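A.B. asks:
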Amino acid sequence: MDEPLVMLRRLLPEPGGVTAVEALDGLALADLAPGHRPYLVLNMVATADGAAAVAHRTAPISSPADRQLFHELRAHVDAVMVGAGTVRTERYGRLVRDPQRRERRVARGLAPEPLAVIVSRRLMLTPDLPLLADPHSRVVVLTAGDAKLAECAADVSYLRSAPGEEVDLSAMLARLRTEHGVRSVLCEGGPNLNTSLLPAGLVDELFLSITPALAGSAGSRSIVDRAPLAEPVGLELVGLLESGSQLFARYALQR
Ligand SMILES: NC(=O)c1ccc[n+]([C@@H]2O[C@H](COP(=O)([O-])OP(=O)(O)OC[C@H]3O[C@@H](n4cnc5c(N)ncnc54)[C@H](OP(=O)(O)O)[C@@H]3O)[C@@H](O)[C@H]2O)c1
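Position in the sequence shown (from 1) plus 81 gives the number in the working numbering.
Rendered as structure tokens:
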């Protein structure tokens with residue numbers, strides 16, 4: 082663990098003080114999976130006025146508590162899914178670096194490392210990207226057409242839709258389940274990928290960190306940001322934590 086453990090104030094369901102590990106204990110997301118695809122939770126951070134990044138990075142709107150929940154969520158899932166834009170901008174590396182987290186994963190019956198799932202049309206991801214340069218990484222690329230990444234140290238495989246602009250995410254998630262045994266997915270965005278996942282009804286829960294700051298709209302993006310959604314997606318609050326005025330909400334998506 083890089084940073085001292087932060088205590089969070091749990092407001093919902095039952096009030097109490099918890100660490101990130103305790104807050105997420107017993108999550109058992111795979112048990113909630115429908116028959117045909119993995120259970121998918123989206124984890125995002127935004128300022129109180131809805132900015133999903135400042136100067137194209139999430140670090141300025143994150144915090145130690147946010148980072149601990151972010152990393153601890155990774156210790157609960159079969160796969161971490163992310164759009165290529167976020168992989169590039171945030172320079173993704175090895176998904177679970179902390180040996181204790183890897184041990185907790187194994188104790189839960191999971192592989193030591195989650196599968197990294199990258200969604201990309203253009204495959205503009207270079208082999209020096211820390212995630213791809215790490216021989217511990219197991220990566221599945223969801224793409225359309227038959228392009229490949231350049232040779233890299235990570236173990237990379239592909240699930241391909243028919244050639245075209247959009248990856249059929251519904252079909253791809255079903256294949257992640259049948260071909261890779263993935264029953265739980267943590268999606269870490271970004272805003273572009275979220276805009277494909279939400280209208281397709283593929284998101285089951287949203288973990289949203291609400292940072293106590295205002296960033297203004299210039300150059301910022303919201304957590305769902307490529308095209309307007311045809312209609313608002315309703316959310317039901319099922320959990321709420323607080324630390325340093327930052328709120329950590331867990332929402333179930335209403336169908
Ligand atoms: N606030 C947060 O919690 C949060 C989380 C994540 C990211 N971010 C921020 O968001 C920014 C990145 O945003 P972004 O919207 O560019 O990232 P993104 O959604 O991660 O990536 C967009 C890219 O993903 C691929 N993609 C997405 N949907 C696809 C589909 N249906 N079919 C095929 N490919 C698809 C495309 O890849 P190709 O370009 O390779 O074709 C697309 O250009 C960064 O500034 C990052 O810091 C914020």
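Glycine is no exception: its CB is placed at the ideal position from the N, C-alpha and C atoms.
No experiment lies behind these values; they were computed from the predicted model shown.
As an exercise, report each continuous alpha helix (DSSP H) stretch of at least 4 residues that is fully enclosed by the segment 181–231, in chain order.
C.D. replies: 211–214
A.B. asks: Around the Cβ of GLN149, are there at least 16 other Cβ atoms within 10 angstroms (buried) or fewer (exposed)?
C.D. replies: Around the beta carbon of GLN149, 16 or more other beta carbons lie within 10 angstroms, which makes this residue buried.
A.B. asks: Considering only C-alpha positions, which residue in the set LEU223, THR224, LEU213 is nearest to ALA231?
C.D. replies: If we check each option's Cα against that of ALA231, LEU213 comes out closest.
A.B. asks: If I follow the unbroken alpha helix (DSSP H) through GLN335, where does it start and stop?
C.D. replies: Counting along the chain, GLN335 falls outside any alpha helix (DSSP H), and DSSP gives it neither H nor E.
A.B. asks: Enumerate in chain order the residues of its own chain whose CB-to-CB distance from VAL54 is below 7 Å, with the five nearest sequence positions on each side excluded.
C.D. replies: Absent from the model: residue 54. The displayed extent of the chain is 82 to 336, so no value can be given.
A.B. asks: In whole angstroms, what separates the C-alpha of LEU328 from that of ASP227?
C.D. replies: 43 Å
A.B. asks: Confirm the yes/no value for this check: CB of SER201, any heavy atom of ligand 1, distance under 8 Å.
C.D. replies: yes
A.B. asks: When you measure from the CB of GLY163 to every non-hydrogen atom of ligand 1, does any distance come out below 8 Å?
C.D. replies: At residue 163 the sequence reads Val, which differs from the Gly that was named. Yes, the Cβ of VAL163 comes within 8 Å of a heavy atom of ligand 1.
A.B. asks: Can you give the Cα-Cα distance for LEU289 and SER143, rounded to whole angstroms?
C.D. replies: Going by the C-alpha atoms only, they are around 11 Å apart.
A.B. asks: Please state the DSSP three-state secondary structure of ARG90.
C.D. replies: strand
A.B. asks: Within the segment 124–164, note down every full beta strand (DSSP E) run reaching 3 residues or more, in order along the chain.
C.D. replies: Entirely contained in the segment 124–164, the beta strand (DSSP E) runs reaching 3 residues are, in chain order, 160–164.
A.B. asks: Mind checking whether ARG302 and ALA129 have CB atoms under 9 Å apart?
C.D. replies: no
A.B. asks: With DSSP as the reference, identify every bridge partner of TYR239, one or two as the case may be.
C.D. replies: VAL222
A.B. asks: Go to SER326, then tell me how far its alpha helix (DSSP H) extends in each direction, as first and last residue.
C.D. replies: Counting along the chain, SER326 falls outside any alpha helix (DSSP H), and DSSP gives it neither H nor E.
A.B. asks: Using only the heavy atoms of ligand 1, determine whether one of them is closer than 8 Å to the beta carbon of THR207.
C.D. replies: Result no, Cβ not under 8 Å from ligand 1.
A.B. asks: Going by C-alpha distance, which of ARG90, PRO85, LEU86, GLU84 is nearest GLY320?
C.D. replies: ARG90
A.B. asks: On the DSSP bridge assignment, give the partners of GLU286 in chain order.
C.D. replies: VAL122, ALA333
A.B. asks: Taking 9 Å as the CB-CB cut-off, is GLN181 touching chain D?
C.D. replies: Protein chains in the displayed structure number just one, and chain D is not present.
A.B. asks: Let me confirm a value: GLY34 is counted as buried when at least 16 other C-beta atoms fall within 10 Å, else exposed. Which label applies?
C.D. replies: The question about residue 34 has no answer here: the residues shown for the chain are numbered 82 through 336.
A.B. asks: Going by DSSP, what residue range makes up the alpha helix (DSSP H) through VAL266?
C.D. replies: First-last for VAL266: 265–268, but that is the beta strand (DSSP E), not the alpha helix (DSSP H).
A.B. asks: Using a Cβ-Cβ cutoff of less than 7 Å, which residues in the same chain neighbour GLU48 once the five nearest sequence positions on both sides are dropped?
C.D. replies: Shown here, the chain extends from 82 to 336; a query on residue 48 therefore has no answer.
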